[in-house]
Amino acid sequence: MTGLARMLDRIAGLLGTVSAAVAAVILAAVTCHILLEILLRNLFNSSTHAVDELVGYGVGAMTILAMAHTLRRGEMIRVHILLARLSNTPRRAVEVVVALLTLIPVMLIGRAFVLSAARSWREGSVSTGLLEVPLWIPEAIFAFGLLLLAFQLVTYIACLILDASAPIFVSDVTTE
Amino acid sequence: MHIRGYSLARPVVPAVAALALLAVAGGSTPVAAQSVRWDMSMEDRSNSLPGEGATAFANDVAKLSNGEIVITVHHAGALGFKNKDHLNAVRDGVLPLAQSLAGTFSGQEPVFLLSSLPFVARSLEEAKTLYDVARPAYEAALARNGQVLLYSSPFPPTGIWAKKSLTSAADLSGLKIRTFDVNGTMMFKDLGAAPLQVSFSDVVPQLSTGNLDAVLTSADGGRSLKFWEFLQYFNNVGYAFPLNITAVGKDAFEALTPAQQKSVKDASAMAEERDWKAVTNWEAKNFAELASHKVEIVATFPEDFFEALGKAREPVVKDWLDKTGEMGRKILDEFAAKVGRQ
Chain X
820 MTGLARMLDR IAGLLGTVSA AVAAVILAAV TCHILLEILL RNLFNSSTHA VDELVGYGVG
880 AMTILAMAHT LRRGEMIRVH ILLARLSNTP RRAVEVVVAL LTLIPVMLIG RAFVLSAARS
940 WREGSVSTGL LEVPLWIPEA IFAFGLLLLA FQLVTYIACL ILDASAPIFV SDVTTE
Chain V
80 MHIRGYSLAR PVVPAVAALA LLAVAGGSTP VAAQSVRWDM SMEDRSNSLP GEGATAFAND
140 VAKLSNGEIV ITVHHAGALG FKNKDHLNAV RDGVLPLAQS LAGTFSGQEP VFLLSSLPFV
200 ARSLEEAKTL YDVARPAYEA ALARNGQVLL YSSPFPPTGI WAKKSLTSAA DLSGLKIRTF
260 DVNGTMMFKD LGAAPLQVSF SDVVPQLSTG NLDAVLTSAD GGRSLKFWEF LQYFNNVGYA
320 FPLNITAVGK DAFEALTPAQ QKSVKDASAM AEERDWKAVT NWEAKNFAEL ASHKVEIVAT
380 FPEDFFEALG KAREPVVKDW LDKTGEMGRK ILDEFAAKVG RQ
């Protein structure tokens, strides 16, 4: 069972890292698009006519895609007033309960995006912007990011329960 | 002192909320058990033309149904839904009914783009004719999404705010004009202007920094942001006559008794008539205020200017026809027959 937990953990870690890397690429692309738009507007009296739309999708996608990795690195914002005072075993128990509670809204929102993406795909809904982006694309990205976060939470719970040596997710920052 | 004032003010908020809840709970007890309570979502503010219309509509529904149907209108997007969310929210039964800017549904149902197609209707009367012709198509599109059309509310006509009166296509050349949708952007690009899609709240900062020198919006929109500090001409070219559409979920509507359904339908007919009348008065009030700020309202244009604009709208109209096919062609033909021109 410990072996299973460790394997799940490795898969979650790999997927999380890849998806965070994609988020970083999106961040760079969005920044370049904004710079290009500034240049076009101010020097060439022109525009890409798509900056609001693409930057909107980009900000949403990069936030959600980076979530699983952020959680893993312990860099989600958390209140440590109680957690910091617990010794190892009760702290692990609290972590399991908290992760389970987090899993509920993440699954619900993820499910909503899966259903919405499926509907947009079926009905061919597009955005009302110049590019007429098929809506299932951004929705599927959001759904993937949320399901990955859910998978990371499940893996975390499994590791804490099955593997006594599994670490608690805390950030490297030592200021707290 | 101000710090103390702040800390004192904070606990008041939950207290007021609690009181309001008590008041609501207390007020609801005498209402009969079979009464229907509907929450209606809309993005426009309560003091806007469609906002005031919706409040009056809710009052009419209550009156005609003898208080059996209570509609609470949530203006200004207070429920957290945007115009474009309404189609799915009502369809999924999350909301019983909603009022929405028709064009925002066009990604799912292209027919709703009709009301914001440039230079199809030239006056409010023609806009009403266009709506009447298109109504069956709107109803069919809403039915595909499990909804029943209740009524439409027009916005004041869209025109061009600029630093001078526009009399020819040459006046548009290089003009840095703000547009609000793809149609406008495509069309003004074809006319040789430099269109920029800018959200309404960003318009004034962009005007003051010289990034824009004209704005595509209604006289009403310009009045609300005091455009006269930058732009002294409203060119009332009748660019488009956007519509709000109020629709109710089929399930919610069919759960009503036949008498209740009739009261909702009757109130809808009244609301439609009232809003289409109100827009004329509203526009007259706007023009009076613009005149008091020395804004010139340009109302007549040379026919060859209209011809140039008409030519520039062709790709946009063709694009719409490609998406709507036979049905779109039929609407435009019937409209052309009624107003006597293409």
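As they're listed, the protein sequences go chains X and V. If you read the first sequence in my numbering, its first letter stands for residue 820, the second for the next number, and so on. If you read the second sequence in my numbering, its first letter stands for residue 80, the second for the next number, and so on. Using N, Cα and C, we set each Cβ at its ideal position, and we do this for glycine too.
Worksheet item: Does the segment 171 to 186 of chain V come within contact of the segment 304 to 315 of chain V, defined as at least 3 CB pairs closer than 8 Å?
Response: Short answer: they don't touch.
Practice prompt. State the start and end residues of the unbroken beta strand (DSSP E) segment that holds R502 (chain V).
Written response: This structure cannot settle anything about residue 502 (chain V), because the visible part of chain V is limited to 80 through 421.
Worksheet item: Any idea what DSSP makes of I896 (chain X), helix, strand or coil?
Response: In the structure shown, I896 (chain X) sits in coil (DSSP, three-state: anything other than H, G, I, E or B).
Fill in: Where R124 (chain V) falls: helix, strand or coil (DSSP)
Residue state, collapsed to three classes: coil.
Worksheet item: How many Å lie between M266 (chain V) and D412 (chain V) at the Cα?
Response: 22 Å
Worksheet item: Straight-line CA distance for V395 (chain V) to L859 (chain X)?
Response: Taking C-alpha positions only, V395 (chain V) is separated from L859 (chain X) by approximately 24 Å.
Item to complete: Decide if T237 (chain V) is buried, meaning its Cβ has at least 16 other Cβ atoms within 10 Å, or exposed.
Response: buried
Worksheet item: Taking Q340 (chain V) as the reference, which of V:V169, V:T359, V:L228, V:F191 has the closest Cα?
Response: V:L228
Discussion item. The alpha helix (DSSP H) that contains E204 (chain V), what's its start and end?
Written reply: 203 to 223
Worksheet item: Does the distance from the C-beta atom of M119 (chain V) to that of I148 (chain V) stay below 8 Å?
Response: no
Practice prompt. Just tell me which of X:N861, X:L884, X:L968 has its CA closest to the CA of L846 (chain X).
Written response: X:L884
Worksheet item: Does any C-beta atom of chain V lie closer than 8 Å to the C-beta of N864 (chain X)?
Response: Nearest CB-CB separation between N864 (chain X) and chain V: below the 8 Å threshold.
Worksheet item: Is H431 (chain V) buried or exposed, if buried means 16 or more other CB atoms sit within 10 Å of its CB?
Response: The structure shown does not extend to residue 431 (chain V), since chain V spans only 80 to 421, so no value can be given for it.
Worksheet item: Out of curiosity, what's the CA-to-CA distance linking L834 (chain X) and F961 (chain X)?
Response: 15 Å
Practice prompt. Mind the definition here: the segment 876 to 891 of chain X touches the segment 958 to 976 of chain X only if three or more C-beta pairs lie below 8 Å; say whether that holds.
Written response: yes
Item to complete: Please list, in chain order, all residues of the same chain as R825 (chain X) whose beta carbon is under 7 Å from its beta carbon, the five residues on each side excluded.
Response: D982
Discussion item. Does M119 (chain V) come out as helix, strand or coil in the three-state DSSP assignment?
Written reply: strand
Discussion item. Using DSSP's beta-bridge definition, name the partner residues of Y230 (chain V).
Written reply: Beta-bridge partners of Y230 (chain V) (DSSP): V:T325.
Practice prompt. Assuming L979 (chain X) contacts E914 (chain X) (C-beta within less than 8 Å), just tell me the rounded distance between them.
Written response: 6 Å
Worksheet item: What residues from chain V crowd round T908 (chain X), counting only those whose CB sits closer than 9 Å?
Response: The premise fails here: T908 (chain X) is roughly 38 Å from chain V at the closest Cβ pair, so nothing lies under 9 Å.
Discussion item. Quick check: the Cα distance between I256 (chain V) and G132 (chain V), rounded to an integer number of angstroms?
Written reply: 31 Å
Discussion item. Assuming N262 (chain V) is part of the alpha helix (DSSP H), what are its boundary residues?
Written reply: 261 to 269
Discussion item. Taking its Cβ as the centre, do 16 or more other Cβ atoms sit within 10 Å of A977 (chain X), making it buried, or is it exposed?
Written reply: buried
Worksheet entry | chain V residues whose Cβ lies nearer than 7 Å to that of V945 (chain X) | G186
Worksheet entry | Rounded straight-line distance, which links the Cα of E362 (chain V) to that of L245 (chain V) | Going by the C-alpha atoms only, they are around 21 Å apart.
Practice prompt. Using a Cβ cut-off of 8 Å (strictly closer), state whether K409 (chain V) contacts chain X.
Written response: Look at K409 (chain V): its C-beta is not under 8 Å from any C-beta on chain X.
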